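*Asks:*
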Amino acid sequence: MPDLPNLEKWDKVVMRLAPFPSGPLHIGNARMVILNDYYVKRYNGNLILVFDDTIGSAEKQVEPEAFDLIPQGLEYLGVEYHEVVYKSDRMDLFYRYAVDLMKKGHAYVCDCDANVWRKEHKIPGKACACRSLSVDENIARWEKMLDGTYPERSAAVRLKTGMTDPDPAMRDHVILRISETEHPRVGSKYRVWPLLEYSWGIDDHELGVSHIIRGKDLVKEGKIEKFIWDLYGWKDPELIYYGRLKFQDAKLSKSKSRQEVLSGVYSGWDDPRTWSLQSLERRGIHPDAIRKAMLDLGLSIVDISISMKSIYSENRKLRDADAPRVFFVQDPLWVSLLDFPEDIEYTEAPVHPDFPDRGTRRIPLGLENHSRILGIPTKDYDRIKDGALFRLKDLANFTLDKGKDPSIKFHSLHVDEVRKVGGPIIHWVPKANSVPVELTAIDGSTVNGLAEPYITNLSQGTFLQFERVGFARVFDTSDIIRVAFAHK
RNA sequence: GCCCCGAUAGUGUAGUCCGGCCCAGCAUAAGGGACUUUCGAUUCCUUGACCCGGGUUCGAAUCCCGGUCGGGGCACCA
Numbered sequence: 218m219p220d221l222p223n224l225e226k227w228d229k230v231v232m233r234l235a236p237f238p239s240g241p242l243h244i245g246n247a248r249m250v251i252l253n254d255y256y257v258k259r260y261n262g263n264l265i266l267v268f269d270d271t272i273g274s275a276e277k278q279v280e281p282e283a284f285d286l287i288p289q290g291l292e293y294l295g296v297e298y299h300e301v302v303y304k305s306d307r308m309d310l311f312y313r314y315a316v317d318l319m320k321k322g323h324a325y326v327c328d329c330d331a332n333v334w335r336k337e338h339k340i341p342g343k344a345c346a347c348r349s350l351s352v353d354e355n356i357a358r359w360e361k362m363l364d365g366t367y368p369e370r371s372a373a374v375r376l377k378t379g380m381t382d383p384d385p386a387m388r389d390h391v392i393l394r395i396s397e398t399e400h401p402r403v404g405s406k407y408r409v410w411p412l413l414e415y416s417w418g419i420d421d422h423e424l425g426v427s428h429i430i431r432g433k434d435l436v437k438e439g440k441i442e443k444f445i446w447d448l449y450g451w452k453d454p455e456l457i458y459y460g461r462l463k464f465q466d467a468k469l470s471k472s473k474s475r476q477e478v479l480s481g482v483y484s485g486w487d488d489p490r491t492w493s494l495q496s497l498e499r500r501g502i503h504p505d506a507i508r509k510a511m512l513d514l515g516l517s518i519v520d521i522s523i524s525m526k527s528i529y530s531e532n533r534k535l536r537d538a539d540a541p542r543v544f545f546v547q548d549p550l551w552v553s554l555l556d557f558p559e560d561i562e563y564t565e566a567p568v569h570p571d572f573p574d575r576g577t578r579r580i581p582l583g584l585e586n587h588s589r590i591l592g593i594p595t596k597d598y599d600r601i602k603d604g605a606l607f608r609l610k611d612l613a614n615f616t617l618d619k620g621k622d623p624s625i626k627f628h629s630l631h632v633d634e635v636r637k638v639g640g641p642i643i644h645w646v647p648k649a650n651s652v653p654v655e656l657t658a659i660d661g662s663t664v665n666g667l668a669e670p671y672i673t674n675l676s677q678g679t680f681l682q683f684e685r686v687g688f689a690r691v692f693d694t695s696d697i698i699r700v701a702f703a704h705k
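Residue 218 is where the first sequence starts when you use the working numbering, and the numbers rise one by one after that.
#1: Is the beta carbon of residue 320 sitting closer than 8 Å to the one on residue 352?
#2: Excluding the 5 residues flanking residue 219 on each side, which residues of the same chain have their C-beta closer than 7 Å to its C-beta?
#3: Using alpha carbons as the reference points, say which of 356, 385 and 326 lies closest to residue 335.
#4: Taking C-alpha atoms, which residue in 398, 261, 332 and 305 lies nearest to residue 275?
#5: Taking all protein chains shown into account, do 16 or more other C-beta atoms lie within 10 angstroms of the C-beta of residue 488, making it buried, or fewer, making it exposed?
#6: Can you give, in chain order, each stretch of the beta strand (DSSP E) that sits fully within the segment 331-416 and has at least 3 residues?
#7: In the structure shown, what three-state DSSP assignment does residue 693 receive?
#8: Measuring only the C-alpha atoms, how far is residue 495 from residue 281?
#9: Jot down the residue ranges of each uninterrupted alpha helix (DSSP H) in the segment 488-554, minimum 4 residues, whole runs only, in chain order.
#10: Work out the CA separation of residue 433 and residue 375 for me, nearest whole Å.
#11: If you count every other CB in all the chains shown that lies within 10 Å of the CB of residue 587, and 16 or more means buried, which is it?
#12: Inspect the CB distances between the segment 655-663 and the segment 611-625 and report whether three or more fall short of 8 Å.
#13: Comparing alpha-carbon positions, which option in 302, 277, 683 and 259 lies nearest residue 266?
#14: Check whether the Cβ of residue 428 sits closer than 7 Å to any heavy atom of the ligand ZN, and report yes or no.
#15: Taking the straight line between their C-alpha atoms, what separation do you get for residue 710 and residue 582?
#16: Looking at the secondary structure, which residues open and close the alpha helix (DSSP H) in which residue 294 lies?
#17: From what residue to what residue does the alpha helix (DSSP H) around residue 444 run?
#18: Here's the rule I'm using: 16 or more other beta-carbon atoms within 10 Å means buried, otherwise exposed. How should residue 405 be labelled?
#19: Report all residues from its chain with a CB closer than 7 Å to the CB of residue 456; omit the five preceding and five following residues, and keep chain order.
#20: Rounding to the nearest angstrom, what Cα-Cα distance links residue 485 and residue 342 in this structure?
#21: Since I believe residue 578 is in contact with residue 684 (beta carbons under 8 Å), could you give me their beta-carbon distance rounded to a whole number of angstroms?
#22: From the DSSP output, which residues share a beta bridge with residue 616?
#23: Could you tell me the distance, in whole angstroms, from the CA atom of residue 696 to the CA atom of residue 679?
#24: At the level of alpha carbons, what is the spacing between residue 639 and residue 593?
#25: Among the residues of its own chain, which have a CB less than 7 Å from the CB of residue 650, if the five just before and after it don't count?
#26: Report the CB separation of residue 248 from residue 511 in whole angstroms; it is logged as a contact under 8 Å.
#27: Leaving out five residues on either side along the sequence, give the residues of the same chain with a beta carbon under 6 Å from the beta carbon of residue 612.
#28: May I have the straight-line CA-CA distance separating residue 232 from residue 289, to the nearest angstrom?
#29: Excluding the 5 residues flanking residue 556 on each side, which residues of the same chain have their C-beta closer than 7 Å to its C-beta?
#30: Does the Cβ of residue 604 have 16 or more other Cβ atoms within 10 Å, making it buried, or fewer, making it exposed?
#31: Just reading off the alpha helix (DSSP H) that residue 319 is part of, what are its end residues?
#32: Cα-Cα, which of 674, 227, 287 and 222 is closest to residue 238?
#33: For residue 478, report the span of its alpha helix (DSSP H) as first-last.
#34: By DSSP's criteria, residue 464 is part of a beta bridge. Which residues make up the other side?
#35: Go ahead and pull the three-state DSSP assignment for residue 422.
#36: Can you find the residues in the same chain that come closer than 8 Å, C-beta to C-beta, to residue 533, ignoring five residues on each side of it along the sequence?
Here it is in structure tokens:
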């Protein structure tokens, strides 16, 4: 990663995380979070968590749970912040500066209709009458905004960024407006709320922020902030933008997630479909896998589209060595074991093939009505030809009989026999003693299956590998064992 | 319509500021081999890129101009 610009200008690197609390942080927010945390740690700086909980809009609403869900996600990612600030606690500050700006003639209260203003003033670049109001008239109007004389949308404070700016986006932007929506933290204490670019123009200075790393969707906001800093002659923080990050294999929608969680369609904020940090934690994604993948993207301002595979690949590197192996059969097809030596009542399979010292898992063959019945994956049953030789991994070699009562006939013990003919080696579970397991897939669906008895030795939180199926994490053992699929 | 930004293999990224060490490095993906009682890990090999056109220069991925394509902004959202 490159150095941060103009370090010599600042005594200390101070950065901030500014999530809008509408839900938990998800994988799409991870970049912003990790980039900021990375640089703060690199320069031994300060990181401020600022809940950007201004009133929002009908589409963007503050979700009270987010005040807990966000720190939870940060803790998981190993992000260290040194201070927590709520925008909604700083309204007096924003009001004070608003009045100051009006007194200095830099802002005015505009009572034009928003649509009219856009068509007749912004687009042609012509000032409205409100722009030339006296200071006293502006203050009088401001009081009317505060005391409720003006209904919602009938007046707003505009900053005089200039009506002739070639960029229409920069023409006298609104910086404060009226909203009577009740706020989850401060209720109806305030009816005038600042907009992002204004509140940050003030706060990045007030909080002593030295470097701002944010998505490039905020460059216009950055320009307005800079306008404010220049107005006051403040030292301007360094603005760094990165491009939009899309995941080819994950559809991210906070508003949809919120809706589905609240209505109960999703199992909760940790449902895999939310792609929340919580959901990734539940699946056993190591935070450093996310961190590594995000840092690998660098700071480019170009929009990029990556695959979750890069995170999964990092996760495998981080966790494969610790993941015990377990047999799990999702859709067992039961077969009788024929001609198998009766004195062999169980088999031993390595807990981890690369680390023999970790011992073995004992898989009893068990008896069901005096016979031995084993479950194999239906997919493998379909694939293996009638009469073909194959191997049950860590047990023995068999030939398959696809009669009306399917059975497998013992052939030989040693793996070489099946190797010679290139027969498949598949996993299996005994009918007796196996344990029901509910597996949550990435698409949120749950599938039921059976795992070998060894799984009961694994505590909640264990990251394991279902052989030939994929990696998963045990997230609940309270009733039935429940496991969340991580990746192949 | 107006404004801003960007363009290196399938996907990302390094290099671009201060032109030669880049016939372009790395990761991931894909394909193949070895190893392994997993479709995991490990290991070896292969595939594959400087948007286009001009210019400057002994020399350009790097500098300049034009074009093309892509993204974003123009909200009383964040």
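Don't be surprised by glycine CBs; every beta carbon is placed ideally from N, CA and C.
Predicted model only: the values in this text are computed from it and were never measured.
*Replies:* The answer reads as follows:
#1: yes
#2: 516
#3: 385
#4: 398
#5: buried
#6: 373-376, 391-395 and 409-411
#7: strand
#8: 17 Å
#9: 494-499, 504-513 and 526-536
#10: 23 Å
#11: exposed
#12: no
#13: 302
#14: Annotation note on the ligand ZN: not contained in the displayed structure, which lists no ligands.
#15: Outside the shown range of the chain (218 to 705) lies residue 710, about which nothing can therefore be said.
#16: 283-294
#17: 436-449
#18: exposed
#19: 429 and 439
#20: 49 Å
#21: No, residue 684 and residue 578 are not in contact; Cβ-Cβ is about 11 Å, not under 8 Å.
#22: 606 and 626
#23: 16 Å
#24: 19 Å
#25: 581, 583 and 670
#26: 5 Å
#27: 564
#28: 20 Å
#29: 626 and 627
#30: exposed
#31: 308-320
#32: 287
#33: 471-480
#34: 523
#35: helix
#36: 688 and 704
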